[in-house]
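Peer 1: Protein chains in written order, with the working numbering: chain V, 1319 to 1436; chain R, 1319 to 1436; chain A, 1319 to 1436; chain E, 1319 to 1436.
1) Would you tell me roughly how many angstroms separate the C-alpha atoms of residue 1421 (chain E) and residue 1369 (chain V), rounded to the nearest one?
2) Going by the beta-carbon positions, is the gap between residue 1322 (chain R) and residue 1320 (chain V) smaller than 7 Å?
3) Would you kindly work out how many angstroms separate the C-alpha atoms of residue 1377 (chain E) and residue 1383 (chain E), rounded to a whole number?
4) Which residues bound the alpha helix (DSSP H) around residue 1376 (chain V)?
5) If contact means a Cβ-Cβ distance below 7 Å, which residues of the segment 1344 to 1355 of chain V contact chain E?
6) Which residues in the same chain as residue 1433 (chain V) place their Cβ atom closer than 7 Å to its Cβ, once the five residues preceding and following it in sequence are excluded?
7) List, in order along the chain, the chain E residues whose C-beta lies closer than 9 Å to that of residue 1372 (chain R)?
8) Residues in its own chain within less than 7 Å of residue 1362 (chain V) by CB, not counting five upstream and five downstream?
9) Can you check which of these residues, V:1347, V:1353 and V:1365, is closest to residue 1346 (chain R) by C-alpha distance?
10) For the candidate residues E:1413, E:1351, E:1337 and E:1359, whose alpha-carbon lies nearest to that of residue 1394 (chain E)?
11) Taking CB distances under 7 Å as the criterion, tell me whether residue 1339 (chain E) reaches chain V.
12) Going by beta carbon distance, what residues of the same chain come within less than 6 Å of residue 1305 (chain R), once the five residues before and after it are set aside?
13) Applying the criterion that 16 or more other CB atoms from any shown protein chain within 10 Å of the CB defines a buried residue, is residue 1427 (chain V) buried or exposed?
14) Whole angstroms are fine: how far does the CA of residue 1329 (chain E) sit from the CA of residue 1414 (chain V)?
15) Skipping 5 residues on each side, what residues in its chain have a beta carbon closer than 6 Å to that of residue 1324 (chain V)?
16) Less than 7 Å between the beta carbons of residue 1354 (chain R) and residue 1357 (chain A), yes or no?
17) Would you identify the three-state DSSP class for residue 1322 (chain A), choosing helix, strand or coil?
18) Starting from residue 1359 (chain V), follow the alpha helix (DSSP H) in both directions and report where the run begins and ends.
19) Give the residues of chain R in contact with residue 1430 (chain E), contact being defined as C-beta atoms less than 7 Å apart.
20) Residue 1390 (chain E) touches chain A at which residues, Cβ-Cβ below 7 Å?
21) Thinking C-beta only, is residue 1326 (chain V) closer than 7 Å to residue 1392 (chain R)?
22) Looking at the secondary structure, which residues open and close the alpha helix (DSSP H) in which residue 1429 (chain V) lies?
23) Here's the rule: buried if 16 or more other CB atoms are within 10 angstroms of the residue's CB, otherwise exposed. What is residue 1423 (chain R)?
24) For the candidate residues E:1336, E:1338, E:1360 and E:1429, whose alpha-carbon lies nearest to that of residue 1390 (chain E)?
25) What residue range is occupied by the uninterrupted alpha helix (DSSP H) comprising residue 1408 (chain V)?
26) Out of curiosity, what's the CA-to-CA distance linking residue 1398 (chain V) and residue 1411 (chain V)?
27) Can you name, in chain order, every residue of its own chain whose Cβ lies under 7 Å from the Cβ of residue 1402 (chain E), other than the five neighbours on each side?
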């Protein structure tokens, strides 16, 4: 996790550009692809309860499947951020600043309610 | 994009832990949340064609909405990777190595077919 | 639930056509919209465990929210099936016939494994 | 499409109950499953533009794939509606009544904007 977002984005875009897939990579297609990969990721957790998932994650073969699906989501996210002219790290920090206002520590602590129900 | 995955994960987890949300953050809930955020991201592109999206992305207010939704997906991804004991940067590289075998440059160039149809 | 799929599809398409939304309703957009609505539906269950959801479903206001999101998914499904020239009822029966082969009662009983792991 | 929602729900639930899958079918799992199936459906349209999809839908093998994925979404929807005590046909009509207020014909005609932007 010592890689910067910039470095990993560059590696992913090089992989993509070597295959000349750029013209398929419109924001709309990438957002659709990201949703599909999110579904494949979720499939690994469906039908299992939390204890079964914790147990399964100790198995390297299962954890590798999870890693592959996490990677697919991350790849789409990096390419979509690039296509949208958005820096992911800045975006996360800006969103956390916003969320800190919507979910002040004192009100949100230990509480899964949405901000408009707090 | 000069931030490392480790640094951003630490910031996100600190935000989370200050609010004591960790006990809700099972891999299953996080994967479900990630899919929901992917849907909110996609909503920004629905009903628009590629030219309209390119145009809309020049508007800072629209681009900020996209940034917020990209951020939400990235946050869930960082927390889910952490909960699963997986390093996102390593996972992306391992997946690209695998994809390089499934999609060799000569066969995949300019082609959006799935590897099993190449 | 005494309505036929045909009747409900006709009502939905009439609503759509009165608003001249047909030209936006390509299969691709409809599939994307369906995924977005599936996310909004899932959001009603996120952060709640099964007992909390069972409890919440006794509240008419919450059940109405669930009903609205189920309806949105059903609407997209009816319109997408129409746009694809597919009869939903036939499609479900054909898929169940297929699933009956993949998941024979004796092997699948009480078992959430995927057919290729049975 | 002459089947009623009730009839198809009964067939799907019989299939399910013969396999004793009911205990896995909590609303939360079903909503997650529905999202996953929505992703598999979307995958059939990803990377294709509208003209390519229209062309592909003329191929019976492709249309069958679409039908299978539509069916999977419909199955989850029927079972989730049942688990939530909601009649899908009533829910669709109630939602259309609501949408008719949010999207009056005169304002919404030919317009893909969200109601709060109309």
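Ideal Cβ placement from N, Cα and C applies to all residues, glycine included.
Peer 2: Looking at the atomic coordinates:
1) Your numbering for residue 1421 (chain E) matches position 103 in the fourth chain. Your numbering for residue 1369 (chain V) matches position 51 in the first chain. In this structure, the alpha-carbon of residue 1421 (chain E) lies about 46 Å from that of residue 1369 (chain V).
2) For the purposes of this step, residue 1322 (chain R) is identified with residue 4 of the second chain, where counting begins at 1. For the purposes of this step, residue 1320 (chain V) is identified with residue 2 of the first chain, where counting begins at 1. Yes, Cβ-Cβ distance for residue 1322 (chain R) and residue 1320 (chain V) is below 7 Å.
3) Taking the fourth chain and counting its residues from 1, the one referred to as residue 1377 (chain E) is at position 59. Taking the fourth chain and counting its residues from 1, the one referred to as residue 1383 (chain E) is at position 65. Their backbone Cα atoms lie some 10 Å apart in a straight line.
4) By one-based count along the first chain, residue 1376 (chain V) stands at place 58. Looking at the DSSP string, residue 1376 (chain V) is not in any alpha helix (DSSP H), and its letter there is neither H nor E.
5) For the segment 1344 to 1355 of chain V, the residues whose beta carbon sits under 7 Å from a beta carbon of chain E are, in order, 1347, 1350, 1351, 1353 and 1354.
6) Indexing the first chain from 1 puts residue 1433 (chain V) at position 115. The beta carbon of residue 1433 (chain V) sits closer than 7 Å to the beta carbons of 1420 and 1421 from its chain, once the five residues preceding and following it are set aside; these are given in chain order.
7) The residue given as residue 1372 (chain R) occupies position 54 in the second chain. Residues of chain E whose Cβ lies closer than 9 Å to the Cβ of residue 1372 (chain R) do not exist; the shortest such Cβ separation is about 15 Å.
8) Position 44 of the first chain, counting from 1, holds the residue named residue 1362 (chain V). Around residue 1362 (chain V): 1383, 1384 and 1387.
9) Taking the first residue of the second chain as position 1, residue 1346 (chain R) is located at position 28. Put simply, of V:1347, V:1353 and V:1365 the residue whose alpha carbon is nearest the alpha carbon of residue 1346 (chain R) is V:1365.
10) Residue 1394 (chain E) sits at position 76 when you count from the first residue of the fourth chain. It is E:1351 whose Cα lies nearest to the Cα of residue 1394 (chain E).
11) Along the fourth chain, read from residue 1 onward, the residue named residue 1339 (chain E) stands at position 21. So, not an interface residue.
12) Limits of chain R in this structure are 1319 at one end and 1436 at the other, which puts residue 1305 (chain R) out of reach.
13) Here residue 1427 (chain V) corresponds to residue number 109 of the first chain, with the count starting at 1. The residue is exposed, with fewer than 16 neighbouring Cβ atoms inside 10 Å.
14) Taking the first chain and counting its residues from 1, the one referred to as residue 1414 (chain V) is at position 96. Taking the fourth chain and counting its residues from 1, the one referred to as residue 1329 (chain E) is at position 11. Residue 1414 (chain V) and residue 1329 (chain E): Cα-Cα distance of roughly 47 Å.
15) Here residue 1324 (chain V) corresponds to residue number 6 of the first chain, with the count starting at 1. So the list is empty, once near-sequence residues are dropped.
16) Your numbering for residue 1354 (chain R) matches position 36 in the second chain. Your numbering for residue 1357 (chain A) matches position 39 in the third chain. Cβ atoms of residue 1354 (chain R) and residue 1357 (chain A): closer than 7 Å.
17) Start at 1 with the first residue of the third chain, and residue 1322 (chain A) comes out as number 4. DSSP, reduced to helix, strand and coil, places residue 1322 (chain A) within a strand of the structure shown.
18) Here residue 1359 (chain V) is taken as the residue at index 41 of the first chain, counted from 1. First-last of the alpha helix (DSSP H) with residue 1359 (chain V): 1345 to 1361.
19) The residue labelled residue 1430 (chain E) in the question sits at position 112 within the fourth chain. The answer, in chain order, is 1365.
20) Within the fourth chain, the letter at position 72 stands for residue 1390 (chain E). From the beta-carbon of residue 1390 (chain E), the residues of chain A found nearer than 7 Å are 1413.
21) As a position in the second chain, residue 1392 (chain R) is number 74, starting the count at 1. As a position in the first chain, residue 1326 (chain V) is number 8, starting the count at 1. Their beta carbons are not under 7 Å apart, which means residue 1392 (chain R) does not touch residue 1326 (chain V) by this criterion.
22) Taking the first residue of the first chain as position 1, residue 1429 (chain V) is located at position 111. Where residue 1429 (chain V) is concerned, there is no enclosing alpha helix (DSSP H), because DSSP gives it neither an H nor an E.
23) By 1-based counting over the second chain, the position of residue 1423 (chain R) is 105. Per the 10 Å Cβ criterion, exposed.
24) The residue given as residue 1390 (chain E) occupies position 72 in the fourth chain. When only C-alpha atoms are compared, the closest one is E:1360.
25) Taking the first residue of the first chain as position 1, residue 1408 (chain V) is located at position 90. Per DSSP, the unbroken alpha helix (DSSP H) holding residue 1408 (chain V) starts and ends at 1406 to 1420.
26) On the first chain, residue 1398 (chain V) is found 80 positions in, with the first residue counted as 1. On the first chain, residue 1411 (chain V) is found 93 positions in, with the first residue counted as 1. Cα to Cα, residue 1398 (chain V) sits roughly 18 Å from residue 1411 (chain V).
27) Here residue 1402 (chain E) is taken as the residue at index 84 of the fourth chain, counted from 1. Result list for residue 1402 (chain E): 1345, in chain order.
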